[in-house]
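Report on the structure given below.
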Amino acid sequence: MSVTPAPETTTETSASAAAPTPTEATGYAPTERTVPTRSRDRARYDRETVHSILDQAYLCHLGFVRDGAPVVLPTLFGRVGEALYIHGSTGSRPLLAAGKADPGLPVCLTVTHVDGLVLARSAFHHSLNYRSVVVHGTAYEVTDPEERRIALDALVDQVVPGRSADSRPANAKELAATAVIRLDLNEVSAKLRTGGPNDDPEDVALPYWTGVIPVAPAYGTPVPAADLAPGIPVPDYITAL
151 MSVTPAPETT
161 TETSASAAAP
171 TPTEATGYAP
181 TERTVPTRSR
191 DRARYDRETV
201 HSILDQAYLC
211 HLGFVRDGAP
221 VVLPTLFGRV
231 GEALYIHGST
241 GSRPLLAAGK
251 ADPGLPVCLT
261 VTHVDGLVLA
271 RSAFHHSLNY
281 RSVVVHGTAY
291 EVTDPEERRI
301 ALDALVDQVV
311 PGRSADSRPA
321 NAKELAATAV
331 IRLDLNEVSA
341 KLRTGGPNDD
351 PEDVALPYWT
361 GVIPVAPAYG
371 TPVPAADLAP
381 GIPVPDYITA
391 L
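Under the numbering used here, the sequence shown has 377 at position 227, and the numbering climbs by one with no breaks.
Given below as structure tokens:
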């Protein structure tokens, strides 16, 4: 089963693998770590594509090395301009490491959307339609109070846009227990697959169903908390989901 989703950004050293270089104003410059070894035509480096994929997600996977071994953690993130923010307990190991390390914690952050299951006639050519972003860089602890406030609001709004303005902000005790790290969008790539199966010509006559099964996220009807005061309606920004 040939499935090649997002996190595929290993180095391609041959001259034929060179990806088109965008201008600094419109895109991210490809690097050895962001040029994929396979399906190079699916790679994108323009900011519009990268930001769109990030802004339609709120769950990422954060990879780093701890005690000489790789660790990958699922976590929430928020984007503000050219920076991604992640928060957690002040006792969280990656957040602690980002604050103690000099110049910071080397990380790799990935975001992936699955848009379809691609069923080919041969098992080898089964695949996924997907959109993904991979970010390499150094994560830094955020200590400036105003930037921390912006970051925490962004994390809430990344999940449900508009929610930060409709909830109590963190108090001093909560802020003291919360660490925030920032990862700048410098070394970035997107990768996408669309379309149907790519069967071999000799397999086209085989009597197997082939095509794409679309996949899309769905939100159910909001369920109010048991202690919600009577008369408080579902906000418009939740209905809009």
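Think of the CB as a built atom: it goes at the ideal place given N, C-alpha and C, for glycine as much as any other residue.
DSSP beta-bridge partners of residue i
i: residue 245; result: In the DSSP output, where bridge partners are listed per residue, residue 245 has none listed.
i: residue 214; result: 221
i: residue 237; result: 330
i: residue 275; result: DSSP output for residue 275 lists no bridge partner at all.
i: residue 282; result: 262, 341
Local Cβ density within 10 Å of residue i, reported as buried at 16 or more and exposed below that
i: residue 244; result: buried
i: residue 214; result: buried
i: residue 391; result: exposed
i: residue 337; result: buried
i: residue 161; result: Summary for residue 161: the model assigns pLDDT 33, below 50, so the residue's position carries little reliability; its value from the coordinates is reported in the next sentence. Label assigned to residue 161: exposed.
i: residue 393; result: The structure shown has nothing for residue 393, since the chain only spans 151 to 391.
i: residue 216; result: exposed
i: residue 304; result: buried
Supposed close pair residue i, residue j - CB separation, criterion 8 Å
i: residue 301; j: residue 230; result: 7 Å
i: residue 200; j: residue 212; result: That pair is no contact at about 17 Å.
i: residue 349; j: residue 276; result: Between residue 276 and residue 349 the Cβ distance is about 10 Å, and since that is not below 8 Å, they are no contact.
Cβ pair residue i, residue j closer than 8 Å
i: residue 281; j: residue 363; result: no
i: residue 309; j: residue 226; result: yes
i: residue 208; j: residue 312; result: no
i: residue 197; j: residue 177; result: yes
i: residue 278; j: residue 343; result: yes
Exercise for review: Inspect the CB distances between the region 263-272 and the region 296-305 and report whether three or more fall short of 8 Å.
Suggested key: When Cβ pairs closer than 8 Å are counted between the two stretches, the region 263-272 is seen not to touch the region 296-305, the count staying below three.
Practice item. Indicate whether the contact test is met: 3 or more Cβ pairs, each with one atom in the region 236-251 and one in the region 280-294, closer than 8 Å. Key: In short, these stretches touch, since the Cβ pair count reaches three.
Point to revise | Segment contact, 8 Å Cβ cut-off, at least three pairs: the region 247-257 with the region 322-342 | key: Short answer: they touch.
Exercise for review: Decide if the region 346-362 is in contact with the region 267-279; the criterion is three or more beta carbon pairs, one per stretch, under 8 Å apart.
Suggested key: Verdict: yes, contact present.
Review point. Does the pairing of the region 314-326 with the region 360-374 give three or more beta-carbon distances under 8 Å?
Key: Remark: fewer than three beta-carbon pairs, one from each stretch, lie closer than 8 Å, so the region 314-326 and the region 360-374 are not flagged as touching.
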